[in-house]
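Q:
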Amino acid sequence: MQEDKGQQITFMGRWRGRRLWILIGAAVIAAALVLFLVWAIPSSESDTEREAQADQDSQQPATEQPATEQEADGEEQQDATAPGNGAGPTMTPGTGGDEPGMVVDFPDPAEGIPAAPPGGYKDIHGHWILDMSGSVYGIANCHIILEENGTISSPPDYVQVFEIAASSYTWADGDPSFTASLQLMLKMGSSPALIPVHIELRGDVSESLQEIGGDFIAEPQGETYAPYAQQGTFAIHR
1 MQEDKGQQIT FMGRWRGRRL WILIGAAVIA AALVLFLVWA IPSSESDTER
51 EAQADQDSQQ PATEQPATEQ EADGEEQQDA TAPGNGAGPT MTPGTGGDEP
101 GMVVDFPDPA EGIPAAPPGG YKDIHGHWIL DMSGSVYGIA NCHIILEENG
151 TISSPPDYVQ VFEIAASSYT WADGDPSFTA SLQLMLKMGS SPALIPVHIE
201 LRGDVSESLQ EIGGDFIAEP QGETYAPYAQ QGTFAIHR
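Mind the numbering: the sequence shown is residues 1 to 238 in my numbering, read in order.
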């Protein structure tokens, strides 16, 4: 009888532990979904406004359209290609195995991607594309810029989703070691609340200066989101 009770207690302990991780995983996926909605909803609203404006314009004779309206249409077309008005990130489920359960795929920035210099790369400064694969979620095609002053920036498009509050990276010519630290402020929907997330990257730079790979740790700040911390691998290329 005592042996049966011991087995029952062990089983209940294991179930509670598994249930905790299931809840954490579900919460992280929900947070990733909010991340997608933050980006997608403003874009959808912009499309709806443009369609409403187009219907209103179609009710007026073309010959009666003032020059000021024509100019406004030209400005509207320019705004449609401005940073932040492009397509938002998409979410896709992982392929299983060691892949994360959900991946947030960022679009290319509206400002475009700089071409490689004619003589090749001499250092790691400039435009990069970051991929991160964690235990629960991942990030793909996230564009970043390694500035010459040792900080990291992101395209203006991403301001709707997150901002880089503080950043730094270290690398020396002739030494492949690379480290980076970022303090992100994640925006959650229309709420004014911001979630601080600290990310550490440690890896090596390839001899071609076109790839960086290693491990990362991502830690949301505060007791509420601290359980969602995770670690995994990252790859940066250009």
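Note that beta-carbon positions come from the ideal geometry of N, C-alpha and C, so glycine has one too.
Small disclaimer: the values here were computed from a predicted structure and weren't measured.
#1: Determine, using beta carbons only, whether G119 comes closer than 8 Å to chain C.
#2: DSSP on V136, reduced to helix/strand/coil?
#3: My understanding is that L209 touches Y121, with C-beta atoms under 8 Å, so please give their C-beta distance in whole angstroms.
#4: So what does DSSP say about Y228, is it helix, strand or coil?
#5: Only counting the same chain, and skipping five residues up and downstream in sequence, which positions put a Cβ closer than 8 Å to that of T233?
#6: Roughly how many whole angstroms lie between the Cα atoms of P89 and S177?
#7: I'd like to check one pair, E207 with S181: are the Cβ atoms closer than 8 Å?
#8: How far does the beta strand (DSSP E) with R202 in it reach, from first residue to last?
#9: Helix, strand or coil for G112 per DSSP?
#10: Buried or exposed for S153, please, with buried defined as at least 16 other CB atoms from any protein chain shown within 10 angstroms of its CB.
#11: Buried or exposed: which applies to G112, given that a residue is buried once 16 or more other Cβ atoms fall within 10 Å of its Cβ?
#12: Taking the alpha-carbon of L146 as reference, which of G101, I164, A235, G126 has the nearest alpha-carbon?
#13: DSSP state of P107, grouped into three classes?
#14: Which class does D157 belong to by DSSP, given the choice of helix, strand or coil?
#15: Report, in whole angstroms, the separation of the C-beta atoms of M185 and A172, which I expect to be a contact under 8 Å.
#16: For Q231, count neighbouring Cβ atoms within 10 angstroms of its own Cβ and tell me buried if that reaches 16, exposed if not.
A: Taking the geometry as given:
#1: Of the chains in the structure shown, none is chain C; there is only one protein chain.
#2: If you number the sequence shown from 1, residue 136 lands on position 136. Of the three classes helix, strand and coil, the one that applies to V136 here is coil, per DSSP.
#3: Mapped onto the sequence shown, residue 209 falls at position 209. Mapped onto the sequence shown, residue 121 falls at position 121. At roughly 4 Å, the Cβ-Cβ gap stays under 8 Å, so L209 and Y121 are in contact.
#4: Taking the first residue of the sequence shown as 1, we reach residue 228 at position 228. Here Y228 sits in helix by DSSP.
#5: Numbered from 1 along the sequence shown, position 233 holds the residue referred to as residue 233. Around T233: M132, S133, G213, G214, D215, F216.
#6: By 1-based counting over the sequence shown, the position of residue 89 is 89. By 1-based counting over the sequence shown, the position of residue 177 is 177. Each residue's Cα considered, the two are about 31 Å apart.
#7: Here residue 181 corresponds to residue number 181 of the sequence shown, with the count starting at 1. Here residue 207 corresponds to residue number 207 of the sequence shown, with the count starting at 1. No, these two residues do not count as a Cβ contact at 8 Å.
#8: Numbered from 1 along the sequence shown, position 202 holds the residue referred to as residue 202. Counting along the chain, the beta strand (DSSP E) containing R202 begins and ends at 194-205.
#9: Position 112 of the sequence shown holds residue 112. Here G112 sits in coil by DSSP.
#10: Within the sequence shown, the letter at position 153 stands for residue 153. Exposed is the call here.
#11: Counted from its first residue, the sequence shown places residue 112 at position 112. Exposed, because fewer than 16 other Cβ atoms sit within 10 Å of the Cβ of G112.
#12: For this step, residue 146 is matched to residue 146 along the sequence shown. In terms of Cα proximity to L146, the closest of G101, I164, A235, G126 is G126.
#13: Here residue 107 is taken as the residue at index 107 of the sequence shown, counted from 1. The answer is coil: DSSP assigns P107 none of H, G, I, E or B.
#14: On the sequence shown, residue 157 is found 157 positions in, with the first residue counted as 1. Correct three-state label for D157: helix.
#15: Mapped onto the sequence shown, residue 185 falls at position 185. Mapped onto the sequence shown, residue 172 falls at position 172. Rounded, the Cβ-Cβ distance is 30 Å, inconsistent with contact.
#16: Numbered from 1 along the sequence shown, position 231 holds the residue referred to as residue 231. Around the beta carbon of Q231, fewer than 16 other beta carbons sit within 10 angstroms, so the residue counts as exposed.
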